[in-house]
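Engineer: Encoded as structure tokens, here's the structure I'll be asking about.
Residue numbers (this note's numbering), protein chains in the order written: chain A, 1 to 247; chain B, 248 to 895.
Right, here's the structure in full:
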């Protein structure tokens, strides 16, 4: 199949960006979206042009590195990561727009690559259990009901790709942050830091320039791991509870 | 220059620092005899940790908790993305929660035997001991392992082991363990105890007065090449399976850090030992960029077959039962489809080599669930394997409930790596290698769910103890910023980057990588023979010369330049590949996942040769393209006696 790609090219963080148009021909519908970009890049290199920069690594939907807005949708038309999107979901002759995540807290590094280090700082402000190595109690000392473990797992699945932020009209990181808070706050291991965790992480999220949540639900509709919207409401409840305790 | 094949043999590696005495007491003894660093003095020591996977993340977090100054590097945008995150199955531990007869002794035994008797007993015993603490640590961190209704941890069996000792978090165990380590590391970064450098790649090791004293690293965003000085350097950079181009590894996993360290004096052990995983989705064409693993658990209910007749292109439904060859059930009646990874992999290759492979390119065999669906019902199959079937359908657009899956073996994990002693120290004092980057614990083969165990054992528990001993025994002296060794390393790095950027040839980095990978897969993959290895050893230097003549890297070195990163890594792959082939050529025995055509039993099974090859082969670098020096570490088996494996 043949495709026309309109790709956001931006040389660096301070450079002006613009859409550039490329034709790719003889593409197989079995290719992943990233393999199609690989093919384009091989051609660009041989023509002496700079290939399109994009983040990627595991290419099996779990590392969270790849991320781009495809035809206006984070990760494209299928609810999965970009590496697991295949060209059979497009038609021969299609024109496809490819842009980076756009959010104030995710500055563009180059082309489709953005800086998501704000996520790491959110985690660093409370997204952990304080347990130095070697001081852990026997694993069976604290039973965790299966239902609780399942809720924790469902939220721990977040891969930190940033699609939720990219899809949100406010550039909010509520889904990302709430996923970690619900994961840890629902477990007995996370209980001692339950209040400080939510207060600190929400504070960091605001400081990093992520927007507020107006419950549009755009985040969950693009989340490749299906983190539910109830995650945010649970976080809000935890936040109010913690405020009450600290006040 | 001498021929690469004319390697010489140097002194044997005799002192592994493993203490003597009863094997169950060795780790305790080593820890007791190790010198300690006073808590108040720890902040005076700086340690560089390269890599943030299970081993590196765990080590960085633990060393920082203990009070050392840690400088940590990863080439990804965040320490949360290392390839450990993609491990699916689980992590082994000798907890014996099932009361099914498991013990440290049994995990030790299974691991030595599973490694086909090419691992060091003392290390493996320690790994089994520490496994118990790993689970405690991870649970305390909030890792959401699967639970029983009573609230206790659930376990499952894995890879033909007879006890249920594998702890898991659905099919995402690696992700959950890695995030646990990442969170612990993030806490230390936020506390100011770890200086972190994401999107930064180590490109050389700085060795001064025979000790590792720092690294040269390139900021991948700005292109800046900087030096970092420390009292010790820890490499936790993973394996080198990507040298094959197509593998189950993440695309950016590479060999540069360990290869640069090898060039600076660290011996490289057993480079030809590669694990092949039998159940991957076959490649769909020339454009394929990587291979996706399907969980091995599918072999519990799926039946593997190919058409009886070569060149049969009918759809699977049109091939009647009596024209199918269920070859594993036929050749290995007592184990059938559940033979170990290496046996299943080689059998698939053999039937494909006979022209009986299925799917595009004939590089695939059927994994058929029709019988299981008829026997258990579609719903029961869906409950067990639903997510895997979904993943398969997403990638191939074929519905495995209706047509058999196609699978083929793929490169999965490298057992070779930098040689380390019992302290996880390489032959360069002050340079440590942990996790998949070292060679130590898996022998010639790795059991399922033991990679995660080793990464965490090294990072959380073993390295922090042995590194303290090194720091306590070594003078805490300063390195002058303008030391000639620092300048020389920076010059070597920048000169190479300049050569790559200024060459302006006509071939892309990927085109070389693909060609090298195909050569290695054909000649140094699942089956190797002397003629093929010699052919590869002839071709690789020519390909390397061609690389430096024809490589084309657009852009500059002062910004994000992914082609430059790639070319720089492929240059190292081109050198490592030669050592892999030489190691494979010299080891004229079949062992683990490595089948040597000249060493087989009369019925075509792998024949290990303990009389001649019961050692780890540690290679010393001499100069580029010149023959290396082989140092042997003899392996002594006092507790698990080597026996030939049989699955007939």
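Even for Gly, the Cβ is constructed at its ideal location relative to N, Cα and C.
1) Taking the alpha carbon of residue 355 (chain B) as the reference point, which residue from B:346, B:831, B:345 and B:341 has its own alpha carbon closest?
2) Which residues of chain A have a Cβ atom closer than 7 Å to the Cβ of residue 707 (chain B), listed in chain order?
3) Quick check on residue 249 (chain A) - is its C-beta less than 7 Å from some C-beta in chain B?
4) Please report the residue range of the beta strand (DSSP E) in which residue 866 (chain B) lies.
5) With a cut-off of 8 Å on the beta carbons, I'd call residue 194 (chain B) and residue 454 (chain B) a contact; round off their distance for me.
6) Between the stretch 194-213 of chain A and the stretch 162-178 of chain A, do at least 3 Cβ pairs fall closer than 8 Å?
7) Could you work out which residues of chain A lie near residue 468 (chain B), taking near to mean beta carbons separated by less than 7 Å?
8) What runs of the alpha helix (DSSP H), each 4 residues or longer, lie entirely inside the stretch 475-522 of chain B?
9) Any idea if residue 320 (chain B) is buried or exposed, counting beta-carbon neighbours within 10 angstroms, 16 or more meaning buried?
10) Measuring only between beta-carbons, confirm whether residue 307 (chain B) sits less than 7 Å from chain A.
11) In chain order, what residues of the stretch 24-46 of chain A put their CB closer than 9 Å to some CB of chain B?
12) Once the 5 residues before and after residue 807 (chain B) are set aside, which same chain residues still bring their CB inside 7 Å of it?
13) List the whole-angstrom C-beta distance separating residue 381 (chain B) from residue 700 (chain B), where the pair is believed to meet the contact cut-off of C-beta under 8 Å.
14) Is residue 356 (chain B) close to chain A, meaning its C-beta is less than 7 Å from at least one C-beta of that chain?
15) If you check the beta carbons only, do residue 601 (chain B) and residue 629 (chain B) fall under 7 Å apart?
16) Comparing C-alpha positions only, which one of B:688, B:667 and B:686 sits nearest to residue 678 (chain B)?
17) Could you say if the stretch 791-809 of chain B and the stretch 100-107 of chain A meet the contact criterion of at least three C-beta pairs nearer than 8 Å?
18) So, under 8 Å CB-CB, residue 472 (chain B) and residue 740 (chain B) are touching, yes? Tell me the CB distance rounded to an integer number of Å.
19) Round the Cβ separation of residue 325 (chain B) and residue 160 (chain A) to the nearest angstrom and send it over; I've been treating them as touching at under 8 Å.
20) Using the C-alpha atoms, what's the distance from residue 607 (chain B) back to residue 689 (chain B)?
21) Would you say residue 297 (chain B) and residue 307 (chain B) are within 7 Å of each other, going by their C-beta atoms?
22) Return the first residue and the last residue of the beta strand (DSSP E) that residue 20 (chain A) is part of.
23) Step through the CB atoms of chain B and report whether any lies within less than 7 Å of the CB of residue 153 (chain A).
24) So residue 119 (chain A) contacts chain B; which residues on that side make the cut at Cβ distance below 9 Å?
25) Would you identify the three-state DSSP class for residue 461 (chain B), choosing helix, strand or coil?
26) Roughly how many angstroms separate the alpha carbons of residue 94 (chain A) and residue 865 (chain B), rounded to a whole number?
27) With 16 as the cutoff for other CB atoms within 10 Å, does residue 581 (chain B) come out buried or exposed?
28) My guess is that residue 605 (chain B) and residue 650 (chain B) are in contact by the Cβ rule of under 8 Å, so how many angstroms apart are they, rounded?
29) Nearest by alpha-carbon distance to residue 816 (chain B): which of B:829, B:830 and B:800 is it?
30) Could you name the residues of chain B that residue 146 (chain A) contacts, counting a contact when the two beta carbons are closer than 9 Å?
31) Taking 7 Å as the cut-off, decide whether the C-beta atoms of residue 332 (chain B) and residue 164 (chain A) are in contact.
32) Please say whether residue 573 (chain B) and residue 546 (chain B) have beta carbons closer to each other than 7 Å?
33) Is it buried or exposed, residue 262 (chain B), if we count other Cβ atoms within 10 angstroms and call 16 or more buried?
34) Please list the partners that residue 55 (chain A) has in chain B, where partner means a Cβ-to-Cβ separation under 7 Å.
35) Would you tell me roughly how many angstroms separate the C-alpha atoms of residue 244 (chain A) and residue 97 (chain A), rounded to the nearest one?
36) Output the distance between the C-alpha atoms of residue 258 (chain B) and residue 735 (chain B), rounded to the nearest integer angstrom.
Structural biologist: Here's the rundown:
1) B:341
2) 133
3) Residue 249 (chain A) cannot be examined here, being either before or after the span of chain A that is shown, 1 to 247.
4) 862-867
5) Not covered by the structure: residue 194 (chain B). The range shown for chain B is 248 to 895.
6) yes
7) 109
8) 503-510
9) buried
10) no
11) 27, 28, 29, 30, 31, 32, 34, 35, 36, 38, 39, 41, 42, 44, 45 and 46
12) 467 and 468
13) 7 Å
14) no
15) no
16) B:667
17) no
18) 6 Å
19) 7 Å
20) 34 Å
21) no
22) 18-24
23) yes
24) 325 and 327
25) strand
26) 54 Å
27) exposed
28) Actually they are not in contact, since the Cβ atoms of residue 605 (chain B) and residue 650 (chain B) sit about 11 Å apart, beyond 8 Å.
29) B:800
30) 393, 394, 395, 396, 397, 398 and 401
31) no
32) no
33) exposed
34) 324
35) 47 Å
36) 29 Å
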